[in-house]
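Enquirer: Okay, so the sequence shown: first residue is 192 according to the numbering used here, each after it adds one. The beta carbon of each residue, even a glycine, is placed where N, CA and C say it ideally should be. All figures in this text were calculated on a predicted structure; none of them were measured in a lab.
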Amino acid sequence: MSYRHAWGIIHRISENAGGNVVASTRGGSHGGETELSKLGEAVLREYENRSAHLRSQFENNWKKPSVTADGIVIRDGKILLIKRKNDPFMGYHALPGGFLNHGERLEDCVVREVREETGLVTEIVDLVGIYSSPDRDPRGHFVTAVYHLRAKKGTVRAGDDASAAEWVDIDHLPEMAFDHADIIKGFLAGRPRKLSD
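(1) Work out the CA separation of residue 248 and residue 194 for me, nearest whole Å.
(2) Indicate whether residue 308 and residue 351 have their beta-carbon atoms separated by less than 7 angstroms.
(3) Let me check one thing: in DSSP terms, what residues is residue 315 bridge-paired to?
(4) Since residue 269 and residue 355 should fall inside the 8 angstroms C-beta cutoff, what is the C-beta to C-beta distance between them, to a whole number of angstroms?
(5) Give me the Cα-Cα distance between residue 316 and residue 341, rounded to the nearest whole angstrom.
(6) May I ask you to verify whether the segment 319-339 touches the segment 232-244, counting CB pairs closer than 8 angstroms and requiring at least 3?
(7) Would you mind working out which of 246, 225 and 209 sits nearest residue 233, comparing C-alpha positions?
(8) Locate the alpha helix (DSSP H) running through residue 212, then write down its first and last residues.
(9) The beta strand (DSSP E) with residue 374 in it runs from where to where?
(10) Does the pairing of the segment 221-232 with the segment 324-337 give three or more beta-carbon distances under 8 angstroms?
(11) Starting from residue 297, trace the alpha helix (DSSP H) both ways and give me its first and last residue.
(12) Since residue 357 sits in a beta bridge, which residues does DSSP pair it with?
(13) Excluding five sequence neighbours on each side, which residues of the same chain lie with their C-beta closer than 8 angstroms to the C-beta of residue 347?
(14) Give the straight-line distance between the Cα atoms of residue 287 and residue 255, rounded to the nearest whole angstrom.
(15) For residue 276, collect the residues of the same chain with a Cβ closer than 7 angstroms to its Cβ; drop the 5 residues on either side in sequence, then sort them by chain order.
(16) Suppose you measure from the CA of residue 283 to the CA of residue 294; what does that come to, to the nearest Å?
(17) Would you kindly report the start and end of the unbroken beta strand (DSSP E) that includes residue 392?
(18) Nearest-angstrom Cα distance between residue 385 and residue 367?
(19) Please classify residue 322: does DSSP put it in a helix, a strand, or coil?
(20) Output the boundary residues of the beta strand (DSSP E) element that contains residue 225.
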């Protein structure tokens, strides 16, 4: 950056701040001196504070876990599963579910995601559990609320992120994505064997 360009920037900052942000003295043979004025020090402090705040927000946004909701829907001894259309685990079976939208309740998220991925309109029976192990998803740290849902209406059809949606015998689960097999087994172990609601 040239000397002239730098002074142009300082001049624009001074205009916006309403006064000189630097004070310069000519020194002749003794050399001159340029330093921040009191206003310049205040502007620099404000810049550093705002810069630190923005940097903190940016860094923290990348480190925060993602929040998702998945649904367990069981009917006549079969569980509703989707086949994943995208990586990770493309082609593997999974519980229907997905990301929580900003301003959305988890309960609304799971009902919406199940409808988008399977075509079924459902209602919540109860909360199965919260799964938050930092290594449960290769994409990063995910916190997932899993709900037991009851199908109300609709025909099963794949949509959104699912390449297939189908009822699968709960005694013969296919290879599952993520930790979904463990979630299903835990759900079944904690419930009466007759799950035909």
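Expert: From the atom records:
(1) Position 3 of the sequence shown, counting from 1, holds the residue named residue 194. Position 57 of the sequence shown, counting from 1, holds the residue named residue 248. Each residue's alpha carbon lies about 34 angstroms from the other.
(2) Against the sequence shown, residue 308 aligns to sequence position 117. Against the sequence shown, residue 351 aligns to sequence position 160. A contact, by the Cβ cut-off of 7 angstroms.
(3) In the sequence shown, counting from the first residue as 1, residue 315 sits at position 124. The partner list for residue 315 (beta bridge, DSSP) reads 340.
(4) Along the sequence shown, read from residue 1 onward, the residue named residue 269 stands at position 78. Along the sequence shown, read from residue 1 onward, the residue named residue 355 stands at position 164. Not really, about 14 angstroms apart at Cβ, beyond 8 angstroms.
(5) Counted from its first residue, the sequence shown places residue 316 at position 125. Counted from its first residue, the sequence shown places residue 341 at position 150. Rounded to the nearest angstrom, the two C-alpha atoms are 6 angstroms apart.
(6) no
(7) Working through the sequence shown from its first residue, we reach residue 233 at position 42. The option with the nearest alpha carbon to residue 233 is 209.
(8) Stepping through the sequence shown from its first residue, residue 212 is reached at position 21. Looking at the DSSP string, residue 212 is not in any alpha helix (DSSP H), and its letter there is neither H nor E.
(9) Indexing the sequence shown from 1 puts residue 374 at position 183. Per DSSP, residue 374 belongs to no beta strand (DSSP E); it is in the alpha helix (DSSP H), 371-380.
(10) no
(11) Here residue 297 corresponds to residue number 106 of the sequence shown, with the count starting at 1. Note, residue 297: alpha helix (DSSP H), 297-309.
(12) For the purposes of this step, residue 357 is identified with residue 166 of the sequence shown, where counting begins at 1. DSSP, once it has assigned bridges, lists 272 as partnering residue 357.
(13) Within the sequence shown, residue 347 is the residue found at index 156, counting from 1. 271, 309, 310, 311, 356, 357 and 358.
(14) To locate residue 287, count along the sequence shown from 1; it is residue 96. To locate residue 255, count along the sequence shown from 1; it is residue 64. Answer to the nearest angstrom: the Cα atoms are 23 angstroms apart.
(15) For this step, residue 276 is matched to residue 85 along the sequence shown. Taken in chain order, the residues that qualify are 352, 353 and 354.
(16) Position 92 of the sequence shown, counted from the start, is the residue given in the question as residue 283. Position 103 of the sequence shown, counted from the start, is the residue given in the question as residue 294. Approximately 30 angstroms between the Cα atoms of the pair.
(17) The structure shown has nothing for residue 392, since the chain only spans 192 to 388.
(18) Reading the sequence shown from its first residue, position 194 is the one you call residue 385. Reading the sequence shown from its first residue, position 176 is the one you call residue 367. Only weak support is given to the placement of residue 385: the predicted model assigns it a pLDDT of 44, under 50, and the question is left unresolved by the model.
(19) Working through the sequence shown from its first residue, we reach residue 322 at position 131. If DSSP states are grouped into helix, strand and coil, residue 322 belongs with the strands.
(20) Taking the sequence shown and counting its residues from 1, one reaches residue 225 at position 34. Here the beta strand (DSSP E) through residue 225 covers 224-227.
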